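I have placed the structure first, in the form of structure tokens, so that the comments after it can refer back to it.
Residue numbers (our numbering), protein chains in the order written: chain H, 33 to 293; chain V, 33 to 293; chain E, 33 to 293.
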């Protein structure tokens, strides 16, 4: 028996929005510790990992570990039927073919329940090594989204270069070149969540496919900040913390330049 | 000579929005009592009936009964040119080939007139029997629209079951099942137009094509409430009252289950 | 060396919106007096002329006259990356292959620079004769846009007739006819920019292709008013003044009726 309730059900709605264009099928792995999802995108280029801690739920019970295989478009369609202010409860029997979703409006005058057919998905939970990154940037998530959206008009490859002064996003394409420099916020003249904070051991410069960075920004609504961690030659981590319950992290390997420039 | 003026012209705009996707051509039947429109949808599955009483108009004159045959897409296009705050006047000669529409802005600084070519439409005015229904639900029109929109993601057939506790809308489809229960509002803790009121002689459960229910919800802007009347084995009536002037009613026959479940 | 800075960078964004669907390629002609653009639309039916005076910029330097040939879709894409509140600086070397655009956010925490590849465009600057018009209408730009948009549902040719009482826009098409009369504002009971002011030496009636008038209304965001100048048998001028810096003017020849009606 698995049962989990979130008063702020919109977190689950936003989470599926953040997953469904990138990931086709995935497992929700349920255990005493909470829920986790780990999935490659359909082209097997990027990896997406979600963790929601059990103590972040208003009610959480998981008698034994189970994996609930879902199609993310279908789960997304059902979650769209929940209002942003609805309380959402997830339920499944131990050997379940269905996931039950219950949506309750604030004043209990509308109660919906949906049964989603589950699927058997063969997926190994990859062990992601706990890397120390050379540089970490925290910046407003909507600012990051905006830059990625803007730069896509110019080309499909983006270089992210971090120095103490700031982060530079650069694109070169047929119609010209573009650079956006986001400066590190000095002092405390800004709300914490609007700040750009750079924690840097050494400067790093990596190049990525904009198409995937753009998929990652679908998670923007999950929180005010995004944390980007980079080291030379290893995948970037783009993390969206989800307040008091967990996070969604995206991993993307940098492009390797054949030619020295 | 026919002439009718509505200070609140937006009613006519909304009415055409409620008709134009369902009905291709129809007659406006004008008499001393007012205007009425009755038309089947293009697949002859559902029936739509509009009544606007002459006393609801700011000015109304109809010397002799006439039928004005219109194409609803074309009339809709012309009414889109009226501002929501415009006063609208309809005019036609006794043997008219054209319907004249005049739109006057509040301060009279813009006056538009349009001539719509009329058509000869062969249509018998059906006598709709004045049925006593076993159950009648009044609920907020936007809540009804929302449920119909939501459930369409799951399937194309919806069962509406009414009991004293509330109304249950249910759909079963490839990806799973969904139920939305709307509870009857108890007491007077709600604005009248936000209330869900169930007037029930006996429980009724009928099944309908969601596609048509969805067409009906195009009338949502006409008023805050929708009234759904059902009896076993007869068409449901989905009525949107239009304040102080009339209503639009949609009739849809229930689906008949071949197999007993 | 050319350099020009506008604190209100949104003017340039709106200007490209007003150009890019009508004009494919054009030159920005830079001189001490300011910037000007003159271009035919791609079907060579209408002419568009932009003038921005140097004294309207916050900083302006142009050492010698140069022409910067641009593709308007591409320049539009880059300007979309500027925020509405950004300060925009344009820069080019004397024999430039690139136009540099710099966008600075209000608090300097985001600085973007883009290089747009320039093109060689063969274009003679046409001398537009300084005509005296028989009639000039000033009216709210959004009102003009609305009328043009509305009338397009009825047909593709619009007659504009000016008398002392007002301006009448008329269209005839398959589904019927439409007339919109905008009355001249009497007295001072209206904000200046909401007024309709007709300056008329003699009544004028001309007929135009709605398709082009519709293109012109893309400039609506540039200011609250539009000024329409007409004389018999010469092109209409549709001018959108741009506050304290210049204007965009569109020229369109009237249609000639073969048949007398």
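The C-beta atom is built at its ideal place from N, Cα and C for all residues, glycine as well. Note that the structure is a prediction, hence the values are computed from the model and not measured.
Would you kindly work out how many angstroms separate the C-alpha atoms of residue i and residue j, rounded to a whole number?
i: residue 292 (chain H); j: residue 147 (chain H); result: Per-residue confidence for residue 292 (chain H) stands at a pLDDT of 42, beneath the threshold of 50, marking its modelled position as unreliable; the derived number appears in the next sentence. So the two alpha carbons sit approximately 55 Å from each other.
i: residue 114 (chain E); j: residue 45 (chain E); result: 8 Å
i: residue 186 (chain E); j: residue 177 (chain H); result: 42 Å
i: residue 241 (chain H); j: residue 145 (chain E); result: 21 Å
i: residue 111 (chain V); j: residue 48 (chain V); result: 8 Å
i: residue 209 (chain H); j: residue 157 (chain E); result: 30 Å
i: residue 39 (chain E); j: residue 70 (chain E); result: 24 Å
i: residue 206 (chain V); j: residue 184 (chain V); result: 12 Å
i: residue 161 (chain V); j: residue 245 (chain V); result: 21 Å
i: residue 166 (chain V); j: residue 272 (chain V); result: 19 Å
i: residue 288 (chain V); j: residue 247 (chain V); result: 21 Å
i: residue 62 (chain E); j: residue 96 (chain E); result: 8 Å
i: residue 34 (chain V); j: residue 129 (chain V); result: 13 Å
i: residue 181 (chain E); j: residue 204 (chain E); result: 15 Å
i: residue 122 (chain V); j: residue 131 (chain V); result: 7 Å
i: residue 85 (chain V); j: residue 189 (chain E); result: 38 Å
i: residue 168 (chain V); j: residue 230 (chain V); result: 6 Å
i: residue 226 (chain E); j: residue 217 (chain E); result: 9 Å
i: residue 120 (chain E); j: residue 102 (chain E); result: 17 Å
i: residue 116 (chain H); j: residue 201 (chain V); result: 20 Å
i: residue 67 (chain E); j: residue 50 (chain E); result: 16 Å
i: residue 87 (chain H); j: residue 37 (chain H); result: 11 Å
i: residue 195 (chain H); j: residue 149 (chain E); result: 28 Å
With DSSP as the reference, label residue i as helix, strand or coil.
i: residue 288 (chain E); result: coil
i: residue 276 (chain E); result: coil
i: residue 93 (chain H); result: strand
i: residue 117 (chain H); result: coil
i: residue 155 (chain V); result: coil
i: residue 84 (chain H); result: strand
i: residue 249 (chain V); result: helix
i: residue 69 (chain V); result: strand
i: residue 50 (chain H); result: helix
i: residue 108 (chain V); result: helix
i: residue 182 (chain V); result: helix
i: residue 165 (chain H); result: coil
i: residue 293 (chain E); result: Note that residue 293 (chain E) has pLDDT 42, beneath the 50 cutoff, so the model's placement of it is unreliable and the number below is only indicative. Coil at residue 293 (chain E), not helix or strand.
i: residue 42 (chain E); result: helix
i: residue 177 (chain E); result: helix
i: residue 150 (chain H); result: coil
i: residue 79 (chain H); result: strand
i: residue 226 (chain E); result: helix
I want to verify the contact list: residues of chain H whose CB lies under 9 Å from the CB of residue i, in sequence order.
i: residue 190 (chain E); result: Result: empty, since nearest Cβ-Cβ is about 35 Å, beyond 9 Å.
i: residue 57 (chain V); result: None at all; the shortest Cβ gap to chain H is about 36 Å.
i: residue 231 (chain V); result: Chain H residues near residue 231 (chain V): none, gap ~18 Å exceeds 9 Å.
For residue i, go through chain E and note every residue whose CB falls closer than 8 Å to its CB, in chain order.
i: residue 143 (chain V); result: 212, 213 and 215
i: residue 228 (chain H); result: 141
i: residue 106 (chain V); result: 207 and 208
Residues of chain H with CB closer than 7 Å to the CB of residue i, please, in chain order.
i: residue 73 (chain V); result: Here the premise fails: no neighbours, minimum Cβ distance about 26 Å.
i: residue 123 (chain E); result: Within 7 Å Cβ-Cβ: nothing; residue 123 (chain E) doesn't reach chain H, min ~13 Å.
Just the chain V side, please: which residues come within less than 8 Å of residue i by C-beta, in chain order?
i: residue 109 (chain H); result: 185, 186 and 207
i: residue 87 (chain E); result: Here the premise fails: no neighbours, minimum Cβ distance about 36 Å.
Chain V partners of residue i, CB-CB under 9 Å?
i: residue 130 (chain H); result: 208 and 209
Mind listing the chain H neighbours of residue i? Cutoff is C-beta to C-beta under 8 Å, in chain order.
i: residue 177 (chain E); result: Ordered by position in chain H, no residue passes the 8 Å Cβ test against residue 177 (chain E), which lies about 26 Å from the chain.
Give the interface partners of residue i over in chain E, defined as CB-CB distance under 9 Å, in chain order.
i: residue 112 (chain V); result: 182 and 185
Can you find a CB in chain C that lies within less than 7 Å of the CB of residue i?
i: residue 141 (chain H); result: This model lacks chain C altogether, as its protein chains are H, V and E.
Decide if the segment 60 to 78 of chain V is in contact with the segment 276 to 286 of chain H; the criterion is three or more beta carbon pairs, one per stretch, under 8 Å apart. no
Tell me, please, whether the segment 135 to 142 of chain V touches the segment 85 to 97 of chain V by the rule of three or more beta-carbon pairs shorter than 8 Å. no
Taking only beta carbons into account, state which residues of the segment 145 to 167 of chain V come closer than 7 Å to chain E, listed in chain order. Residues 145, 146, 147, 148 and 149.
Is the segment 258 to 274 of chain E close to the segment 211 to 218 of chain E, with three or more CB pairs under 8 Å? Taking a cut-off of 8 Å on C-beta distances, the segment 258 to 274 of chain E does not touch the segment 211 to 218 of chain E, as fewer than three cross pairs fall below it.
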